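Residue numbers (the numbering used here), protein chains in the order written: chain A, 190 to 433; chain B, 190 to 433. Quick reminder that beta carbons are idealized off the backbone N, C-alpha and C, glycines included. Since this is a predicted model, take the numbers as computed values, not measurements. One structure is given below, encoded as structure tokens.
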């Protein structure tokens, strides 16, 4: 079994939206912090990974939300480096509340990107061994993400503040663009129940992105999203929604 | 003397920009958190203030930056409710590093906004008394903020994620718009040394803002900023810069 780590986190007001609930970008920031802590603890932090000329990138999240924690709540953030194959590492995250009730489960796929040519590299044994993850041969595909067939979109300019230490738009920021198109009234009245999101291409500073979307009113209410730079598909997501 | 409170905070990667330094929006989020903690401790939290039909808003920051803390650094965040008059409360914030060296000093002006008509109200004694701030009659004006005389601007759409619990754009977000216009290359090579920023009018969801700016190359290198919705001036700032 892969190593697990649990950290506590108190949800700050500034990590919440106007309704006082944790935002999707902050949800991801908080869980990623726990995986960084685990990597540091095992001597496999960003600096160690950089010695191989590599950096971690996230290629997919599958998120199940029972409820989003609220401002001032203390939560437990747990991560487990579950398994890996030649190119991908699979890591789970959980958020539990003070009563040990599960709030959120996130299954994630990590890959290693070569810092020079920005291409995916294979996973060195030396880098992954301390996590005691199960070695598998299968590539997990995850549920199919349905495409957007409509032509409605809003345009966003990548801001300096969207760029992270990897010199590209941080994965968490795609949610700003995907959610914002749904509008204030919808977003304060609904909560995401599940999200499948796949990151296909990096978005860089200077890019203008188009956030395409399509809405499915029929139960279960859902939305489909694509982030494109010109014709290039950079990320895609399907979200199931419930009314608050 | 006004009551002081110090909290520790470890700077997270997701609170930093691509260079690994704390961002201006996060700097403000982190210090405001400490003033919220102090208010809660003294039984004067947001809920208590809301009983008067009021909410705190920030009208001005004067920020002196010796250096911005970096990812993983542990810092001490201190706040003091210094003084107040009929309409304004003056609060200082400091960030010190582990060696007790001052990194940042922020002088701030708070006012109380009526939640119904969104107008400023006077400061009720019952609300301010526990902070033991000095009562003054003078209104602190702060250094004059020079206007922008050029016509260059970039346009930004207010995103859902910019809106806070007060149903307007959070004060910290104005920095995203003001800084972004200066461009990636400038921002990774320079650090703000001092900032004076004044918030004149609320910006709401649905607004499109124009971020005007003007740059002064002569030493000390500085930039002037205005955020406008149509002809309405919503915020203005002067920033002095130094090379990294």
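Got a sec: is the Cβ-Cβ distance from residue i to anything in chain B below 7 Å?
i, result
"residue 348 (chain A)", "yes"
"residue 263 (chain A)", "no"
"residue 222 (chain A)", "yes"
With 7 Å as the threshold, decide whether the Cβ of residue i is near any Cβ in chain A.
i, result
"residue 207 (chain B)", "yes"
"residue 376 (chain B)", "yes"
"residue 394 (chain B)", "yes"
"residue 420 (chain B)", "no"
"residue 273 (chain B)", "no"
"residue 352 (chain B)", "yes"
Please classify residue i as buried or exposed, where buried requires at least 16 neighbouring CB atoms within 10 angstroms.
i, result
"residue 359 (chain B)", "buried"
"residue 330 (chain B)", "exposed"
"residue 328 (chain B)", "exposed"
"residue 195 (chain A)", "exposed"
"residue 431 (chain B)", "exposed"
"residue 242 (chain A)", "exposed"
"residue 306 (chain A)", "exposed"
"residue 395 (chain B)", "exposed"
"residue 414 (chain B)", "buried"
"residue 258 (chain B)", "buried"
"residue 412 (chain B)", "buried"
"residue 350 (chain B)", "buried"
"residue 340 (chain B)", "exposed"
"residue 213 (chain A)", "buried"
"residue 232 (chain A)", "exposed"
"residue 270 (chain B)", "buried"
Return helix, strand or coil for residue i, following the three-state DSSP convention.
i, result
"residue 414 (chain B)", "strand"
"residue 295 (chain A)", "strand"
"residue 379 (chain B)", "strand"
"residue 311 (chain A)", "coil"
"residue 300 (chain B)", "strand"
"residue 233 (chain B)", "coil"
"residue 186 (chain A)", "Any property of residue 186 (chain A) remains undetermined from this structure, which presents chain A solely from 190 to 433."
"residue 290 (chain B)", "coil"
"residue 223 (chain B)", "helix"
"residue 344 (chain B)", "strand"
"residue 335 (chain A)", "coil"
"residue 272 (chain B)", "strand"
"residue 384 (chain A)", "strand"
"residue 324 (chain B)", "strand"
"residue 238 (chain B)", "helix"
"residue 216 (chain A)", "helix"
Interface residues of chain A around residue i at Cβ under 8 Å?
i, result
"residue 356 (chain B)", "207"
"residue 407 (chain B)", "None at all; the shortest Cβ gap to chain A is about 24 Å."
What are the start and end residues of the beta strand (DSSP E) that includes residue i?
i, result
"residue 429 (chain A)", "421-432"
"residue 279 (chain A)", "277-285"
"residue 400 (chain B)", "397-405"
"residue 253 (chain A)", "243-254"
"residue 198 (chain B)", "193-199"
Please list, in chain order, the chain A residues whose beta carbon lies closer than 7 Å to that of residue i.
i, result
"residue 368 (chain B)", "349"
"residue 365 (chain B)", "348, 350"
Going along chain B, which residues have a C-beta under 9 Å from residue i?
i, result
"residue 218 (chain A)", "201, 202, 203, 204"
For the alpha helix (DSSP H) containing residue i, list its first residue and its last residue.
i, result
"residue 317 (chain A)", "314-317"
"residue 365 (chain B)", "363-369"
So which residues on chain A does residue i lean against when the C-beta distance must stay under 9 Å?
i, result
"residue 398 (chain B)", "The contacting residues do not exist; residue 398 (chain B) stays about 13 Å from chain A at best."
"residue 373 (chain B)", "349, 352, 394, 395"
"residue 214 (chain B)", "203, 350"
"residue 286 (chain B)", "What residue 286 (chain B) touches in chain A: nothing, since even the nearest Cβ is about 20 Å away."
Identify the contact partners of residue i in chain B, using a Cβ-Cβ distance below 7 Å as the criterion.
i, result
"residue 225 (chain A)", "202"
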